[in-house]
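Here is the structure we will look at.
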Amino acid sequence: MANAVYTIEADPSRKLLRLTLAGFWSASEAVAFAREQQAAVKKLGPPYGTHLTLADVRNFAVQTQEVTAVIRDLVLHATATSKRIALVGGEGLARIQFTRITQRQDVRRFATMEDADFWLFTE
Numbered sequence: 048m049a050n051a052v053y054t055i056e057a058d059p060s061r062k063l064l065r066l067t068l069a070g071f072w073s074a075s076e077a078v079a080f081a082r083e084q085q086a087a088v089k090k091l092g093p094p095y096g097t098h099l100t101l102a103d104v105r106n107f108a109v110q111t112q113e114v115t116a117v118i119r120d121l122v123l124h125a126t127a128t129s130k131r132i133a134l135v136g137g138e139g140l141a142r143i144q145f146t147r148i149t150q151r152q153d154v155r156r157f158a159t160m161e162d163a164d165f166w167l168f169t170e
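First residue of the sequence shown? That's 48 in this note's numbering, and the numbers climb one at a time after it.
And the structure:
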């Protein structure tokens, strides 16, 4: 049984997308999240692909392969991908799963939101 929870917040002044992902998702919930995430990117305005993403995944369960594939496709092949992605959380098996999903050099994992935010805005 799925119990997907997520929030998506666009901050145009910082070109920042804040995500909170929690629970265990179904494939249809993952697809809905992907659609909403891309709509939020458009709210940040052009040029697209220059925004930053801060994702809180501390309460995100280990997902099925089907859900993992949807999220991986979003991270790697979305129309407007993030310039940098900071993940907060993801321990144990979830950490391994996120490593597989985020096969990009501009993705880092952090223990705190503060460290993640600092990395995103320090070049």
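Think of the CB as a built atom: it goes at the ideal place given N, C-alpha and C, for glycine as much as any other residue.
The structure displayed is predicted, hence computed values, not measured ones.
With fewer than 16 other Cβ atoms from the protein chains shown falling within 10 Å of its own Cβ, Arg82 counts as exposed.
Secondary structure of Glu56 (DSSP, three-state): strand. In terms of CA proximity to Thr126, Ala87 leads the group Ala102, Ala77, Ala87, Trp166.
Between the alpha carbons of Thr169 and Pro59 lies a distance of about 18 Å. For Ala108, there is no enclosing beta strand (DSSP E), as DSSP gives it neither H nor E. A distance below 8 Å separates the beta carbons of Arg65 and Glu56. According to the DSSP assignment, Ala74 belongs to the alpha helix (DSSP H) that extends over 74-91. Collapsing the DSSP output to three states places Ala158 in coil.
By the neighbour-count criterion, in which 16 or more other beta carbons inside 10 Å mark a residue as buried, Phe107 falls on the buried side.
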